[in-house]
Every structure is written in structure tokens, then in C-alpha cells.
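Read in order, the letters of the sequence shown correspond to residues 1 to 673 in the working numbering. Here's the structure we're looking at; comments come further down.
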Amino acid sequence: MKKITAMFSLCVWTLVISVLSGCIKKQTVSTINPSWEKISVLPVMDISDDFMMGVDVSSLLSVEASGAKFYGADGKPADPIALLKAGGANAVRIRVWNDPKTEDGRTYGGGGNDINVACKLGKRAMDLGMKVLIDFHYSDFWADSKRQKAPKAWKNFKFDEKQAAIREFTINSLTKLKKAGVKVSMVQMGNEIDNGLCGEIYDAEVCYLLKTASRAVRDFDRNIKIAVHYTDPLAENYLEGKATMLEKNKVDYDIFGISYYPYLHGDVKQLYIVLRKIANFYNKKVMVMEVAYPFTDSDGDGYKNVATTSDPGLKFNYPITVEGQAIAVRDVIEAVAKVRGAGIGVFYWEPAWIPPQHYDITKIASDLVFAYNSNCWLKNGSGWATFSAHGYDKDVKSKVNGGKWDNQAFFDFDGNVLDSINVWNYAKYGSVGKRKVVRVNEPTVKFERNGKNKLPEKVKVIYNDGSKVYETVEWDRAGLDEVRNKTSLGQCKVRGKTINGDDVTCIVNFVGSNLLVNGNFESGKIKPWNISNDLGRGKPEVVRNYENAKQGLFYATGWDPDNFDFTLWQEIKVVEKGTYNCFAFFEGTGVRNPSGTCLMVEIKKKNGTSVTFMANADIPNQWKKFDRVEIPSIEIDDSVESVIVKIRMKAEYAKFGKGAWLVCDDVNFLLVK
């Protein structure tokens, strides 16, 4: 009897210890501190119960290996994934690279995300009851809209061999995840595949690879949802074109996913319109696979960040604060959720990518901290890349490469949780704090030579409670004087303050009267431009797509798989005496320089003679990068009968017979004196 009692007691204590261990393992974490100043986040109406509130935590293991710690709102150490879940996240996204290291085992960095890393992260998420999305890049390192390299092991594969390799890699990876206890809810076939997949650039080949990957997933488990992933969501009809291409090639997928970064991609209202179109026209679910926004403009690791106000190409329409970060994400959630029955989720990209140690240049030991961080980036791969990746990815040029993302995390530089981590909960239930300005709209005005020009008297101010008010503004006197006295063309900024003391900037563009008709092609037609095209190639036309235009919606363009050479020209009959400038903007890809593309101005005299001025273009061979070509100080007097402005678009393709593409936009012939 004593023996039985003793055994019973032992069993009870074992059970108690087991329960206590479970409680310790699943201890509650805190993401809200009552002493914090509350932030305001408006609730989003009618979010479905199964809406995916996701976080991409791919870099986390490398960050933790580098010594970074995470803390809840109570100041206690905590699992960052558990904190993200407490903030309302219900799913994780994990990228998978084939072989992100050198032959001798040195990591490429960026988290070193092979399938083994995915298994570990996926298991941690599963243990917390979260869904798992696997993002197959089908590359050994970053695959995005700029690069889509095949894995080095597949470098010399024929196309059918590459198809077989994708199938095998997909099924083997999903099998490893399943054995590790990870139930995959969704698979993403490629990452930002705008310009190709796994080394292929043509639509037909890309679609064959997508169909191969899709069949592999379906054969493994038909319950796994399949997504495709693109970026540039607001380009005119761009994503609709991609969806049409997928439908035409009969690619089997469930979800059309996009990247949307507010500081890169423009108006969030337009995002909703694009997603709704795709959902309605192509009968697909839609979601935002990547979004992020900075909570500070400061750097925390000693390596320059991606999203910073020092980059003139970025536009920040929300305050760079914890509240601004949360509101930016909330607005994206709303844009997706409003696509009724089809908008299924939003994933925040890398909310836990924080520095190994907090670098502060004002501190005495900052050099030591940077040295420590640099060593961690190299050893553990917790920066965006290591120089070991250079042999595979030539875009990796620096010996030292940090995180670049620390100011967009949901944690500060020391790992303390920020209130923005709760955005998922706030999007459902709302949060009310002190009324603050979210955004003061930045007006842009044109000032014409000898025109009646004035700055706006009021500007639109948007508050965190959703209200929008037009407030009186007082412009800086020095700025006003500069505007009044400016005689040259170009742009300047005038600063001012609203009646409530908020800063505002007005962009003033000084323009001349363009003597060319339809010089910016915004009529949507080529006329009144004439075309000379002796070769009959290049397909000269005016196209609508604001992503490719210098400004506005339309531009003149030419493309051909073969060399081409055509000229657009326009004659101006009545020309006032004075000094003129002529300029235009060119961009292109696949063009061998010098190409012969140029801007020309022919001055025809009344006596039958003529003189021609010419300025050559240097095509950047980079999308969205324009070369401004100018012919300045053209003198016109009474001897001139007319002026002919010519745009010669000539291209000899530079890359393996894949053709060349040229754009010309915003052609001006202006009286400046």
C-alpha cells in the first residue's frame, strides 16, 4: 500500500512539474504599458475573423545569434514571436533560399535563410498557434524586382532540368517542414517576380516554372494555398497585365500578392483600387505580402537605413513616429480588408530585425559597438549581406553590410517593444490617444514667366482622429523673396507654418511657356509630332503608364528585339525673338552606349539656310532613371523662319539579342530671356 501511495505521489508531482513547466514556457507576455502615452489608431470596419495579420520574421535567428535581446512592455525578456502574437499577429512569413552560403560554408547574410532555418522558425510559430507562409525565392540569395538569379547548383541547367529541380526542391522542402512539425498554410512561388524567376525573364518560361512549382505544391498537399508575388502596385495597369499574363498561360494559383511600401509606392487609396480590380476581374484572393514604415529617422546599428528622409526619392506621408508607423500599417490593412470577400491579409516585413547592439555615435564606445555589430553581420549573417555573397550576387559590393531595417522594426534599437506592435489589435478595436497631426499636405504650384503667381493661402491638414481641415498658412518671408526674384527655370521650396504651428513646404516649379504642342505627350496621342522611320522598326508610340513617365501619365517610346532608329519631329512656325532652352528626358534598358539617341534643334532661316544643334543622350540602362538632355542658349532673331525640334531614338541592343527599350518624355522648347 505504501508503495502504491508513493508511486501515486510521484505521479502527481511529475504532473505538477509538467504543468508548471508548460506555464513557464507559455508565460504571458506584455505589449502594452499603462504609463505609455496612448497612440491613436482608427479601427478598420468589418475585418474578417480569418484575416491574416502577418509578420515576416526571416532574419530572427541570425539576430538572436548576434546577441540581440527582446523585451516586453513590462521590461522582462520575451520571445519576440510571442510578443508579435500578443500584438495581434496570427501568421508568420519565412523566406527560403536554396543554398545561401559559399562552398566552404560562409554565410551570404540576410538571415542565412535555408530550409533548416525555416524549419526552426516555423516550429516556433506553430508552437504559438500561428499560421506559416513559406516564401520560396528559388535563388541562393535575394530575389526581387531587380534580380532573379538561379541557384548556383542550377546555373548550367537546361530549362527542363530547371523545371525538375524546382519541383524536387519544393517537395523536399515541404517534406522537411512537415517532419519538423510545421504545417504550412501558404506557399509563395517566387519573390517579387516582376522581371523574371530563377534566371528566366520571358513570360512563357516564367509561367512554365510557376506551373511546375504549383503542381509540386498541389501534389504535396492540396490544402496549401498558393500565392504569386509582385511589386509596383500603383503602376498604371501593370499588375492587371501580370494577372492577365498568368491567366493566359493557365498558371494555377489562389492568391495575388504584392509589396506595398508607403514611402515608395504612393497613395494607399490607389492600392485599394488595384487590388479590387484584380479580385473582381480575375477571381483571385489578394493580399499585401510586404509592408513597413519607420518609427524613427535615426540609425541604430551604424549602417545607413533604407527608409530615411535623407533619400530625396522617398516620400513620407505619415509622421516618422511610433504612431505614424502604426497608422501607415492600419491604412494598408483597411485597403486590403475593403476588398470584400477577397482581401485576405497583410504581412509586415521584418519587424524584429534590430541591431546586435545599439550604436549611438554620440557615445564614447560607439566605435567598439560598430566593430561588434560588424563582426556579428559577418559571422551570423544578421546584416543584409556579407561580402561572401559577392561571388554570387555582384550587387554586394561593400565589405561591411548592416541591417538597413532597424528603424522600421516594432522594437527600438535596444529590443524594447513599441506600441506599434499592437497595430493588428488596434486595427480591430481601435486606440484613442491625444489628437495629433498625421500629415500636412505638401502643395505644388507652377509659376510662369510674367504670370500672376501666388502661393496657396490654406493647406490640407489630416489628423489622427480621421478629420481633415484646411488651415491658413504663413509663408517664410525669405522664401517669398526668393520666389519673387527668381528669373531662371527650375524648382525651389518655400517653407511656412500653419496657424497651429505645423511645418509645411510648398514646391514651386518655375516654368516657361513651352512652344511645343503635346511636348509631354499627355494628349495620349503622337500628333502633332511627325515620325520618320526608314527602318520600319521600334514601334514608335505614346503609352500610358505613370511609372515609366518622367511626369504625368504618358510618354513616347520604342521597343524592338532588333536594332531600331526613328525620329519624332515638330516644326514651330512663329517664334518670338529671344534666348531659348530646349531639353528632354530619356530612359531605357538594354541599350548599347553611345546609342545615337539625341535631341536636335534645326533653325531654318528666311534666306533658305539652316543650322542644327545637337545634344547626345547617355541612356542610363536603368528603369526609372532619366538622362536630362539639354541644348541651352539658342538665340532666335528676325532672320529665323521656323524651328524644328527632333527626337532621335536609336538603339543597338546590348544584351544577348533580348532587345532594347527607349523612352522620351517632357520635351520643352522654352523662352528664357
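Ideal Cβ placement from N, Cα and C applies to all residues, glycine included. Every value quoted in this text rests on a predicted model; they were computed, and no experiment measured them.
Does the distance from the C-beta atom of residue i to that of residue j stay below 8 Å?
i: valine 96; j: serine 173; result: yes
i: valine 672; j: asparagine 581; result: yes
i: glycine 129; j: isoleucine 421; result: no
i: valine 400; j: serine 382; result: no
i: glycine 402; j: aspartate 301; result: yes
i: serine 431; j: threonine 102; result: no
i: arginine 106; j: threonine 386; result: yes
i: serine 674; j: asparagine 223; result: Examination of residue 674 is not possible in this model, given that the chain is present from 1 through 673 alone.
i: methionine 289; j: glutamine 408; result: no
i: isoleucine 320; j: phenylalanine 281; result: no
i: methionine 126; j: alanine 91; result: no
i: isoleucine 636; j: valine 575; result: yes
Kindly indicate which residue of the options has the alpha-carbon position closest to the one of residue i.
i: alanine 352; options: Lys277, Asp297, Asn416 and Asp49; result: Asn416
i: serine 679; options: Asp104, Glu205 and Val438; result: Here the chain has residues from 1 to 673 only, and residue 679 is not among them.
i: lysine 625; options: Ile115, Gly313, Gly112 and Glu161; result: Gly313
i: glycine 341; options: Lys285, Ile333 and Glu571; result: Lys285
i: glycine 588; options: Phe613, Tyr555, Val601 and Leu568; result: Tyr555
i: proline 233; options: Leu480, Phe613, Val206 and Tyr263; result: Tyr263
i: isoleucine 572; options: Met186, Gly345, Phe669 and Gly552; result: Phe669
i: proline 632; options: Phe613, Lys646, Asp299 and Ser639; result: Phe613
i: valine 640; options: Leu662, Lys606 and Glu630; result: Lys606
i: tyrosine 293; options: Val274, Lys304 and Ala328; result: Ala328
i: asparagine 380; options: Gly67, Asp56, Val55 and Tyr272; result: Gly67
i: glutamate 522; options: Asn509, Arg544, Gly536 and Asp160; result: Arg544
i: valine 611; options: Glu630, Ser595 and Ile634; result: Ile634
i: lysine 452; options: Asn116, Trp36, Arg484 and Asn441; result: Arg484
i: asparagine 458; options: Gly558, Val504 and Asp419; result: The residue you asked about is not asparagine; residue 458 is lysine in the sequence shown. When only C-alpha atoms are compared, the closest one is Val504.
i: aspartate 560; options: Ala335, Val396 and Leu662; result: Leu662
i: tryptophan 36; options: Lys434, Ser259, Leu553 and Asp360; result: Lys434
i: asparagine 701; options: Ala204, Ala216, Tyr261 and Trp142; result: Absent from the model: residue 701. The displayed extent of the chain is 1 to 673, so no value can be given.
i: glutamate 200; options: Tyr260, Trp349, Thr609 and Asn156; result: Asn156
Roughly how many whole angstroms lie between the Cα atoms of residue i and residue j?
i: threonine 244; j: isoleucine 226; result: 17 Å
i: leucine 489; j: phenylalanine 447; result: 9 Å
i: glutamine 163; j: arginine 330; result: 40 Å
i: glycine 501; j: asparagine 317; result: 18 Å
i: cysteine 664; j: isoleucine 603; result: 22 Å
i: lysine 428; j: proline 528; result: 54 Å
i: valine 667; j: alanine 549; result: 12 Å
i: leucine 239; j: alanine 279; result: 12 Å
i: leucine 42; j: aspartate 219; result: 43 Å
i: lysine 468; j: tryptophan 424; result: 24 Å
i: cysteine 23; j: valine 29; result: Confidence at cysteine 23 is low in this model, with a pLDDT of 39, below 50, so the placement of that residue should be treated as unreliable; the coordinate-derived value is given next. Each residue's Cα considered, the two are about 12 Å apart.
i: valine 332; j: phenylalanine 51; result: 13 Å
i: alanine 89; j: valine 542; result: 46 Å
i: lysine 158; j: asparagine 563; result: 28 Å
i: valine 643; j: asparagine 621; result: 31 Å
i: valine 473; j: aspartate 254; result: 50 Å
i: phenylalanine 413; j: glutamate 652; result: 50 Å
i: glutamate 471; j: asparagine 441; result: 11 Å
i: lysine 131; j: valine 346; result: 13 Å
Considering residue i, what are the terminal residues of the beta strand (DSSP E) in which it resides?
i: aspartate 135; result: 131-136
i: cysteine 198; result: Counting along the chain, cysteine 198 falls outside any beta strand (DSSP E), and DSSP gives it neither H nor E.
i: glutamine 570; result: 564-572
i: serine 35; result: Where serine 35 is concerned, there is no enclosing beta strand (DSSP E), given that its DSSP letter is neither H nor E.
i: proline 80; result: It is not in any beta strand (DSSP E) - proline 80 instead sits in the alpha helix (DSSP H) that spans 80-86.
i: phenylalanine 510; result: 503-511
i: arginine 628; result: 627-636
i: tryptophan 559; result: 554-560
i: glutamate 247; result: That residue, glutamate 247, is in no beta strand (DSSP E); its alpha helix (DSSP H) goes 238-248.
i: isoleucine 226; result: 225-230
i: arginine 648; result: 640-651
On the DSSP bridge list, what partners appear for residue i?
i: serine 259; result: Glu290
i: threonine 589; result: Trp661
i: serine 185; result: DSSP, once it has assigned bridges, lists no residue as partnering serine 185.
i: glycine 110; result: Bridge partners of glycine 110: none, in fact.
i: serine 610; result: Lys604
i: methionine 53; result: Val346
i: asparagine 265; result: What sits at residue 265 in the sequence shown is histidine, not asparagine. According to DSSP, which records beta bridges pairwise, histidine 265 is partnered with nothing at all.
i: cysteine 207; result: BP columns for cysteine 207 are empty, so no partner.
i: proline 77; result: Tyr71
i: cysteine 492; result: Val508
i: leucine 670; result: Asn514 and Asn581
Looking at the secondary structure, which residues open and close the alpha helix (DSSP H) in which residue i lies?
i: serine 366; result: 366-380
i: lysine 284; result: Premise fails: lysine 284 is in no alpha helix (DSSP H) and is neither H nor E.
i: asparagine 116; result: 115-127
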